[in-house]
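Participant: First, the structure itself, so that you have it in front of you.
Residue numbers (the numbering used here), protein chains in the order written: chain A, 68 to 422; chain B, 64 to 689; chain C, 2 to 100; chain D, 438 to 615.
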């Protein structure tokens with residue numbers, strides 16, 4: 068009885084989508100490590116990885132293989148379960164957000180409308196917040212379970228940093244929500260259809276430049292990326308919360324960071340830069356076959372994501388690290404008031420326009 | 064105009080508020096103008112209302128309900144009819160004259176603005192008293208005038224005697240007020256209403272006069288209130304002491320208006336008293352006794368204001384005599400004429416005191432007529448009126464009272480005649496000692512003697528005119544069958560059974576009283592032309608000391624109460640109440656000393672107790688109660 | 002599905018919270034048990050909201066969350082202060098109120 | 438047994454077992470993790486009950502903020518199983534007994550109660566954010582504002598309480614030592 072109720076095709080479709088997304092996430096993350104090295108090399112005027120494959124393209128595989136074959140060490144005084152739980156949670160939370168991102172326009176196959184979004188839930192943005200707020204557990208548990216004071220300090224730093232910046236992030240998004248009027252990411256993307264309509268830019272970036280800026284800075288902080296990489300700053304804390312980790316558990320931490328970067332780029336592209344929309348998409352939709360249109364949308368989306376990832380990397384190798392008190396001051400005394408003012412002004416304008 | 068009757072008390076209230084809140088900042092002259100103008104405004108409105116009432120209008124104006132519980136509803140309502148409109152005129156008219164008088168009289172005093180505030184508050188309360196459409200509003204006014212009386216008697220509160228005189232007045236009034244309150248509660252209990260119209264309506268519904276019934280008790284209780292307020296035996300001693308206040312106050316409150324509140328109340332409740340013959344008997348006898356006793360005391364007083372005060376008590380006794388005979392309109396008539404001439408006499412005495420720089424002892428006066436002619440003449444007119452010389456106002460009203468007593472109770476009539484005799488005597492004794500003969504004071508005082516300014520003499524002249532003509536609205540039946548005032552009042556006051564006298568008898572009575580008045584006036588004048596003040600002895604000394612009533616009260620009431628209080632303090636207060644209160648404290652302390660063992664300080668234990676209590680409550684709630 | 006299922010579930014959670022508060026001496030754990038009890042109540046409220054199709058009880062859940070958050074902020078501050086003074090979070094040490 | 442009931446039982450077992458984990462584990466960190474798991478199970482129940490918004494808010498507020506604070510405090514104090522104060526067996530036993538008695542009393546009381554509503558499986562729009570927002574800002578504006586004031590005062594209170602007072606036993610640190 069129960070089995071009959073389930074829409075099998077639907078299940079297969081979603082499982083397929085999830086698999087593809089996971090694979091792509093992992094792939095992108097893997098090649099982001101390569102990209103980072105390359106960018107660093109360019110910035111520092113050297114060649115970068117070049118031995119494995121052409122341009123060192125096989126370098127990520129080599130790295131992965133090395134990590135797999137390293138010895139797995141769990142410190143004697145660590146709490147075993149939590150020590151293992153930490154990187155797992157970090158990885159899981161990193162991957163969870165991808166569920167609600169619309170990767171491309173919906174299309175029709177054999178009478179079924181297939182959307183390139185795993186779940187279009189009506190509280191999409193809140194879901195992102197929920198997952199982001201959970202992300203800190205992986206770091207905290209891992210850092211604490213290592214029973215190492217550097218790790219503990221680092222994890223506490225990470226926790227307070229991410230709690231602090233979550234606030235500004237949330238408030239900056241509230242301003243955006245005042246304009247969109249919906250929490251569903253699918254609807255938000257649909258609202259940014261094309262690039263230019265009725266004499267206005269459709270992308271939210273043009274409506275909320277300040278909000279985007281705040282969101283971007285907070286994203287840096289949440290990702291623990293430079294210039295906010297205080298939890299893992301080599302010079303002070305050795306390596307931060309994954310100091311005691313080795314082998315693939317360390318790999319998970321490193322990997323999850325890149326996945327986080329990828330996903331947050333995707334979120335920013337979705338929320339502020341129109342997701343899979345691109346200028347002139349209506350013309351393409353009218354003149355090209357459906358598969359080409361979908362592919363072009365997905366491509367546009369990935370182009371945006373990769374641009375963001377490159378931006379992240381450029382920033383990392385450009386700006387120096389903040390001091391911890393500077394970081395807190397920026398978060399509490401600059402970004403939150405700025406976000407509040409942005410929200411108030413946006414609210415006022417939305418009210419004035421009668422939305 | 065009747066629907067705007069609330070303006071009448073409103074103006075003095077406003078005057079009180081302005082003067083009362085600004086008495087530190089408002090200049091004296093402005094305070095006097097505000098005070099007088101507010102009363103003048105009410106007088107004008109009262110006059111307009113009076114003319115409408117004269118044409119047969121009457122109304123009850125309800126402002127709002129201020130007590131509303133269950134079936135009982137007591138509104139703040141004003142009753143405008145012939146009785147209240149007459150009183151309105153007396154209060155605002157004489158009140159206005161006295162306000163004008165006060166602007167000059169009180170001008171030296173630094174508390175003048177405060178004085179006017181009190182005076183306005185008094186006028187407001189008095190108007191509330193006579194305008195109220197139910198006993199509660201009357202009671203409010205009743206207490207209000209008591210308060211103002213207290214404030215004004217003790218106006219010069221820095222003098223200890225004056226302040227205690229104010230307190231005495233207040234306490235004695237409270238004794239009477241308790242009677243009034245009990246009467247009111249009896250009415251409420253038996254009739255379920257305090258509104259006049261409802262109450263009298265129920266009385267009218269075919270109820271026979273029943274002896275010893277509830278009517279008598281209600282009437283007696285209300286009368287006790289009147290005794291306190293109108294200074295009758297046994298609660299009269301406060302009124303002479305009340306002369307401690309400024310003289311205009313004595314004129315307004317303790318002669319013309321407030322003390323007649325008792326008369327007003329009984330006249331207002333005439334229907335009730337008609338059903339209570341026993342109570343009426345008491346009223347009549349007490350009135351007669353008061354008239355007689357006060358007159359005897361007045362003969363031997365040397366303070367100009369004390370003489371007038373006792374004469375006031377005596378005249379009030381006359382009014383109650385009339386009330387006791389069921390001749391309510393006659394009493395109201397006497398209230399009116401008395402208001403004119405007694406206010407005149409008080410104001411005249413004020414003028415004299417003013418001239419004598421505060422000296423009140425008539426033994427030190429004499430021959431003042433040479434220096435202050437206007438005061439002398441007006442005072443003489445007042446004396447003629449009060450003595451009952453024919454063709455002056457007092458003659459008509461007093462004659463009417465005596466006639467009604469003759470018709471009903473010859474004993475009271477005899478007492479009344481003797482009192483009238485003494486009235487004529489002591490008034491002319493007062494006049495002679497004050498205004499004729501040689502000056503007996505110091506040289507400084509003689510040098511200082513002068514006629515008072517216009518603000519004082521003009522009210523005197525006006526009142527003198529009123530004292531002459533005021534009586535003609537109530538000519539006796541032998542002259543004209545149409546008694547103007549009685550006819551006017553008949554719409555709101557129902558006279559009791561009055562036996563009609565033949566014309567012959569009336570003429571005879573008029574003759575007797577005229578003769579007595581004239582004879583004793585002349586005797587009073589002659590006997591005091593060459594005064595020699597030897598210390599009194601025998602009966603005269605008893606009279607000078609006011610029959611030792613104050614001392615009697617002291618021995619009978621004050622000292623036993625003090626003894627009792629000391630006893631109660633020692634046994635009930637110290638041992639009983641204190642012991643109980645301290646015992647409660649001690650037992651709580653003892654109990655908490657034991658209870659605090661429960662306070663282990665262990666949070667876990669507290670949570671445990673909490674859960675346990677919750678469980679028990681749930682169990683009780685679901686299995687036992689539910 | 003009858004509402005009883007949710008009634009029993011939330012009472013079970015509530016009673017587990019009470020047991021925890023009774024059994025443990027660690028102030029933080031007791032605090033967490035209180036949060037657990039609050040959540041049990043929240044769950045019941047949401048179940049009733051579903052039963053009556055009424056949003057009000059979900060609003061109550063919001064208010065409970067607000068109060069819980071405020072309580073945690075203050076409570077944890079108190080516990081931190083206490084730890085700073087006596088270097089312990091054992092509630093049995095805090096029995097000075099007795100005196 | 439349909440999907441709804443299967444999910445109900447899974448979530449219920451998860452909630453109760455992790456709640457038991459909260460009170461039974463000796464290590465406070467484990468307790469925190471168990472409590473987070475409980476919250477997830479309860480959020481799952483919320484989703485079952487069509488209160489998606491509340492479910493996510495529950496995660497954000499409880500799991501994302503409150504429990505992080507707990508974890509923070511526990512880590513700062515470095516509490517673990519070794520320093521965990523233990524009550525005597527008797528007291529623990531009494532706690533279990535009294536809690537159990539309370540549960541039994543309530544169960545017994547509810548067995549005869551007349552609450553017999555039925556939860557429909559069809560989804561409704563009550564839990565949607567639009568609906569909640571309307572209810573909140575139309576019927577409960579005043580409580581909302583008051584609770585915001587409460588929250589603000591709690592925040593300030595927490596800061597005042599938690600502020601390190603200048604104590605005498607710690608040497609005063611000079612500014613350049615920071």
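Where a beta carbon is used, it is the ideal one built from N, C-alpha and C, also for glycine.
Quantities reported herein were computed from a predicted structural model and do not represent experimental measurements.
According to a CB-to-CB cut-off of less than 7 Å, which residues of the stretch 203-221 of chain A neighbour chain D?
Facilitator: The stretch 203-221 of chain A vs chain D, Cβ under 7 Å: 203, 207, 211, 219.
Participant: Using only the alpha-carbon positions, how far apart do residue 274(B) and residue 229(B) sit?
Facilitator: In this predicted model, residue 274(B) has a pLDDT of only 49, less than 50, meaning its place in the structure is not dependable; the value taken from the coordinates is given anyway. Going from the Cα of residue 274(B) to the Cα of residue 229(B) covers about 39 Å.
Participant: Applying the 10 Å Cβ sphere with the 16-neighbour rule, what's the burial state of residue 378(B)?
Facilitator: Result: buried.
Participant: I'd like to know if the stretch 412-427 of chain B and the stretch 310-320 of chain B are in contact, where contact means that at least 3 CB-CB pairs between them fall below 8 Å.
Facilitator: Counting Cβ pairs under 8 Å, three or more are found: they touch.
Participant: Is it true that the CB of residue 357(B) sits closer than 8 Å to the CB of residue 299(B)?
Facilitator: Contact flag set, yes.
Participant: Cβ of residue 38(C) less than 8 Å from any chain D Cβ?
Facilitator: It does not: the Cβ of residue 38(C) has no partner Cβ on chain D nearer than 8 Å.
Participant: So, residue 381(A) versus residue 281(A), is the Cβ gap smaller than 8 Å?
Facilitator: The answer is no: Cβ separation not under 8 Å.
Participant: So, for residue 242(A): in the same chain, excluding its five sequence neighbours on each side, which residues have a beta-carbon less than 7 Å away from its beta-carbon?
Facilitator: If we look at residue 242(A) and ignore the five residues flanking it on each side, its Cβ neighbours are 275, 278, 409, 410, 413.
Participant: Looking at the C-beta of residue 535(D), does it have a partner C-beta in chain C at a distance below 8 Å?
Facilitator: True, the Cβ-Cβ gap to chain C drops below 8 Å.
Participant: Note down, in chain order, each residue of its chain lying with its Cβ closer than 7 Å to the Cβ of residue 210(A), except the 5 sequence neighbours on either side.
Facilitator: Within the same chain, residue 210(A) has close Cβ partners 218, 219, 221, 222, 308.
Participant: Indicate the three-state DSSP secondary structure (helix, strand or coil) for residue 483(D) in the structure shown.
Facilitator: Helix, per DSSP.
Participant: Within 8 Å, do at least three Cβ pairs link the stretch 276-287 of chain B to the stretch 136-153 of chain B?
Facilitator: The answer is no - the stretch 276-287 of chain B does not touch the stretch 136-153 of chain B, with fewer than three Cβ pairs under 8 Å.
Participant: Would you list the residues sitting across from residue 131(B) in a DSSP beta bridge?
Facilitator: DSSP output for residue 131(B) lists 136(B) as bridge partner(s).
Participant: If we count Cβ pairs, one from each stretch, closer than 8 Å, do we get three or more for the stretch 265-274 of chain A versus the stretch 338-347 of chain A?
Facilitator: Flag = yes, the stretch 265-274 of chain A and the stretch 338-347 of chain A touch.
Participant: Taking contact to mean 3 or more Cβ pairs, one atom from each stretch, closer than 8 Å, check whether the stretch 285-297 of chain B and the stretch 510-520 of chain B are in contact.
Facilitator: Too few Cβ pairs lie closer than 8 Å, so no.
Participant: Below 9 Å on C-beta distance, what does residue 509(D) contact in chain A?
Facilitator: Going along chain A in sequence order, the residues near residue 509(D) (Cβ under 9 Å) are 207, 223, 226, 227, 230.
Participant: What in chain D is Cβ-close to residue 200(A), meaning under 8 Å?
Facilitator: Chain D residues near residue 200(A): 496, 497, 500, 501, 502, 505.
Participant: Determine the burial state of residue 369(B): buried for a count of at least 16 other Cβ atoms within 10 Å of its Cβ, exposed for fewer.
Facilitator: Buried is the call here.
Participant: Please tell me whether residue 445(B) and residue 496(B) are closer than 8 Å, where the distance is taken between their beta carbons.
Facilitator: It is not a contact, given that the beta carbons lie outside the stated cut-off.
Participant: Closest to residue 384(A) by C-alpha separation, out of 238(A), 331(A), 105(A), would be which residue?
Facilitator: The candidate whose alpha carbon is nearest that of residue 384(A) is 105(A).
Participant: Beta-carbon within less than 7 Å of residue 284(A)'s beta-carbon, same chain only, minus the 5 sequence neighbours each way: which residues are those?
Facilitator: 402.
Participant: Taking the alpha-carbon positions, what's the residue 67(B) to residue 110(B) distance?
Facilitator: Distance between the alpha carbons of residue 67(B) and residue 110(B): 12 Å.
Participant: I need the straight-line Cα distance from residue 87(A) to residue 373(A), nearest angstrom please.
Facilitator: Each residue's alpha carbon lies about 18 Å from the other.
Participant: Would a C-beta distance cut-off of 8 Å place residue 278(B) and residue 319(B) closer than the cut-off?
Facilitator: Going by C-beta atoms, residue 278(B) is not nearer than 8 Å to residue 319(B).
Participant: For residue 8(C), which three-state DSSP category applies?
Facilitator: DSSP places residue 8(C) in helix when its eight states are reduced to three.
Participant: Once DSSP output is grouped into helix, strand and coil, what is the label at residue 12(A)?
Facilitator: Here chain A has residues from 68 to 422 only, and residue 12(A) is not among them.
Participant: Can you tell me whether residue 133(A) is buried or exposed, with buried defined as 16 or more other CB within 10 angstroms of its CB?
Facilitator: By the neighbour-count rule (16 or more Cβ atoms within 10 Å), residue 133(A) is not buried but exposed.
Participant: In or out: residue 175(A) buried (at least 16 other Cβ within 10 Å) or exposed?
Facilitator: With fewer than 16 other Cβ atoms within 10 Å, it is exposed.
Participant: If the cut is a Cβ gap below 9 Å, which residues of chain C does residue 679(B) touch?
Facilitator: Under the 9 Å cutoff, chain C gives no residues; its nearest Cβ is about 14 Å from residue 679(B).
Participant: Between residue 467(D) and chain C, is there a C-beta pair that is closer than 8 Å?
Facilitator: Output row for residue 467(D): interface = no.
Participant: Who are residue 3(C)'s beta bridge partners in DSSP?
Facilitator: In DSSP, residue 3(C) forms a bridge with 555(D).
Participant: So which residues on chain C does residue 281(B) lean against when the C-beta distance must stay under 7 Å?
Facilitator: None at all; the shortest Cβ gap to chain C is about 60 Å.
Participant: Measure the alpha-carbon distance for residue 391(B) versus residue 382(B) and round it to whole angstroms.
Facilitator: Going by the C-alpha atoms only, they are around 9 Å apart.
Participant: Quick one: what's got a C-beta closer than 7 Å to residue 596(B)'s C-beta in the same chain, skipping five residues either side?
Facilitator: Around residue 596(B): 426.
Participant: Would residue 491(D) pass as an interface residue toward chain B - the criterion being a Cβ-Cβ separation below 8 Å?
Facilitator: Cβ-Cβ to chain B under 8 Å: no for residue 491(D).
Participant: Does any residue of chain D have a CB that is nearer than 8 Å to the CB of residue 83(C)?
Facilitator: No, no contact with chain D.
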